[in-house]
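Be aware that the sequence shown starts at 46, since it is given in the numbering used here, and climbs by one per residue.
All residues carry an ideal CB built from backbone N, CA and C; glycine is no exception.
Nothing here was measured: the structure is a model prediction, and the numbers come from that model.
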Amino acid sequence: MRGPQDKPVDVLPVRVGDAQYRSKALPPTTLGLDQALIWVVIGLLAWGLVMVYSASIAMADNPRFGKILPYHFALRHAISLGVGFVAALLAFQVPMERWEQLAPRIFMLALVLLVIVLIPHVGVSVNGSRRWLSLGVMNFQPSELAKFAVLLYAADYMVRRMAVKERFFRAVLPMAFAVLIVGVLLLAEPDMGAFLVIVIIAMGILFLGGVNARMFFGMGALVVLAFVAMIATSPWRRERIFAYLNPWDMEHALGKGYQLTHALIAIGRGEVTGVGLGRSVEKLHWLPEAHTDFLFSVIGEEFGFVGLMVLIFAFYWLMRRMTEIGREAIILDRVFSGLVAQGVAIWMGFQAFINMGVNLGALPTKGLTLPLMSFGGSAILFNLIAIAVVLRVDYENKALQSPRRA
C-alpha cells in the first residue's frame, strides 16, 4: 500500500461506529486457506473418530442399545463427519456479506425449531429431555442451530447498534431480550448447558463489540444471579451441585456423582502416558456417556496426562488462531466478520473448557460435548459449518490484502 509520496503506509485507518482508530497494516499475503488451521481441525476430527470407536465398541454388549454392531456409533459418527464436510464446503462459498443479511432469518428459524421440538409426539424425548427432531436417518438438535444463529445475530446486532453501544436500553436490552426468549425455550427442554453456552457467546460478542464495561459487568452479575436462582429452585440441579462438591460420599457415589467418580477414576488410571489405545476399562459399561460427554476421560485413560495436554494445547491454538483471524478482519474494517470469527472462538473454547472442567471434576456435571470430537451429528455439523465460516473470513481478509486484488 503506497501513500501520496509513494512511501509505504504503516497504519490502516479503521472506523468502528463513529470512532476511528489506526492499526498496524497487515503484511500482504497470497490468496488461499489457512493450512495450519485446517490441519489442526482435521487432526481433532480424526482423533475424535478413533476415540468414539474406542469408547463405544463395548456398547454392543449392552441390552439398552439392542442388537447393534461394535462399530455402530463410529459408523454414524463417520457419516456425520461426511455430511458436516459437505455442509462446510457449501457454507464456505457464502460471502460474509450474505451471512450478515441472513442472520435475522437464521435466528428466526432457530426459534421456530426450538418451539417445534417442544410439541408432544414431534420432539424426540430421551431420558426426560425433549431436545431432538427425528429426520429418519438421524436426529437433529435445534439447540446446536441456536448457538450458530445467536452467534450470527449478535454480531449483526452489534454492527447495527454500534452508534448507541454506550446506551444500555438501546444497545444491550434488546439483545438480552432475544437471548431470554431462546433461554426460556431451551430450559423447557431442558438444556441448561446449551443455554449457558449461548449466553456466553452473546455476552462475548457484546463485549468485543465495544459495549460499556460497566454495563457488561452489570449484565454478567445478573446472569450469574439468574443461574444461581435456577439452581436454587431446582431440586435435581441442587443435587448435582452437592454431588460435585463431594462425589465420593456414599449418598452421591451411586447417584448424581456416579459419572464424575468414574471419570476421575478413568483419568487417574491413565497416569502419565496412558494405558494404551483401546485398553480403557472404564468404557466397559462403567462410565456412562463415554462416547459423548465423557470422551475426554477416556482419552485421559488411554493417552494419559501427555495426551490430555496435547489435546488442550490443540484447542488453545485453535481458539487463538480464530481470534487472530477475527482481529485481522476488524483491522480491515470488517466488523461483522471479525465478531463472527471471534464468536466462534468463544463458542468452541468455552464449550471445550466446560467439558474438560466437568471431566476433571473442576466444574459441576453438565451435558456438553467436546467440540469436533464427541459423538453427536448436530454438534459436528454446526461445528464444521462454524469453522468454514471462520475460514471464509480469513479468505476474504487475504483477498483484501492481496496485491493482486482488483
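Start-to-end residues for the beta strand (DSSP E) that takes in residue i
i, result
"glycine 168", "168–171"
Per DSSP, cross-strand counterpart(s) of residue i
i, result
"tryptophan 177", "Val169"
"asparagine 291", "According to DSSP, asparagine 291 bridges with nothing at all."
"asparagine 184", "Ser179"
Backbone CA spacing between residue i and residue j [nearest angstrom]
i, j, result
"glutamine 186", "isoleucine 391", "20 Å"
"glycine 156", "glutamate 189", "Note on identity: in this sequence residue 156 is leucine, with glycine being the wrong assignment. Their backbone Cα atoms lie some 12 Å apart in a straight line."
"leucine 429", "leucine 134", "9 Å"
"glycine 313", "leucine 322", "16 Å"
"phenylalanine 130", "leucine 426", "8 Å"
"leucine 178", "alanine 191", "14 Å"
"leucine 356", "valine 85", "10 Å"
"alanine 136", "valine 434", "6 Å"
"glycine 383", "aspartate 79", "16 Å"
"valine 217", "glycine 265", "12 Å"
"proline 292", "glycine 302", "5 Å"
"methionine 354", "glycine 93", "15 Å"
"proline 333", "serine 279", "23 Å"
"glutamine 138", "arginine 437", "8 Å"
"arginine 176", "tryptophan 362", "32 Å"
Terminal residues of the alpha helix (DSSP H) in which residue i lies
i, result
"phenylalanine 193", "187–205"
"serine 342", "340–376"
"isoleucine 113", "Here isoleucine 113 belongs to no alpha helix (DSSP H), and DSSP marks it neither H nor E."
"arginine 121", "117–137"
"glycine 255", "Segment: none, glycine 255 is in no alpha helix (DSSP H) and carries neither H nor E."
"isoleucine 399", "380–404"
Residue i in three-state terms, based on DSSP
i, result
"asparagine 107", "coil"
"aspartate 439", "helix"
"glutamate 142", "helix"
"alanine 433", "helix"
"isoleucine 164", "coil"
"phenylalanine 420", "coil"
"valine 95", "helix"
"alanine 64", "Unreliable placement is indicated for alanine 64, whose pLDDT of 45 sits below 50; no coordinate value is reported for it."
"threonine 306", "helix"
"glutamine 50", "Model confidence at glutamine 50 stands at a pLDDT of 45, short of 50, so the residue's coordinates are unreliable and nothing is read from them."
"alanine 271", "helix"
"valine 320", "coil"
"alanine 81", "helix"
"alanine 335", "coil"
"alanine 407", "coil"
"serine 101", "helix"
"valine 157", "helix"
"valine 326", "coil"
"leucine 445", "helix"
"leucine 413", "coil"
My parser needs the alpha helix (DSSP H) runs of 4 or more residues fully inside the segment 215–253; what are they?
If one requires a minimum length of 4 residues, the alpha helix (DSSP H) runs lying completely within the segment 215–253 are 218–232, 237–253, in chain order.
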